[in-house]
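What follows is one structure encoded as C-alpha cells, with my remarks underneath.
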C-alpha cells in the first residue's frame, strides 16, 4: 500500500510484474454524489481474472479504510455488480451519468 496516509494505491504483483491495482480516494472523479471516501479504479490483468486478485485488492482497500477510521466505502460500477455483491457490497442507486448507466454501491466496514 502506498499513499498519503489516507488515500492509497494497492498494487498486486506476480514475479515483480503488476497484475492488478485498486485505489482508495477521498473524492471520485466527476462524482454524481457528494459522498466520501471511495474505492476506485479496480483493474486486474485479463490473464489473472477469476483467481482472487480482485478480491484481494478490494479486501486490502477495505482493511486500509477501516484502519483509517472509515465506517463506509462507496464505489461506482455497472458491469461488476455481482462481483461486488459477492464481497458484501450493496447496490444503493442506479442512475445515468452522461447517458451511461451507472450504479452506486456501498459497503459498511
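In the numbering used here, the protein residues as written are 901 to 1009.
Cβ atoms here follow ideal geometry from the backbone N, Cα and C, with glycine treated the same way.
Selection from the options that minimises the alpha carbon distance to residue i
i, options, result
"residue 993", "983, 946, 974", "974"
"residue 907", "966, 952, 1000", "966"
"residue 1000", "969, 954, 932, 925", "932"
"residue 997", "926, 915, 930", "930"
"residue 978", "990, 991, 1002", "1002"
Residue environment, residue i, which counts as buried when at least 16 other CB atoms sit within 10 Å
i, result
"residue 911", "exposed"
"residue 942", "buried"
"residue 914", "exposed"
Supposed contact pair residue j and residue i - C-beta distance, whole angstroms, cut 8 Å
i, j, result
"residue 957", "residue 917", "With 8 Å as the limit, residue 957 and residue 917 do not qualify as a contact, their Cβ atoms being about 15 Å apart."
"residue 976", "residue 928", "6 Å"
"residue 935", "residue 961", "Incorrect: roughly 16 Å between the Cβ atoms, too far for contact."
At 4 residues or longer, and completely inside the segment 956-1009: list those alpha helix (DSSP H) runs for me, N to C.
981-986
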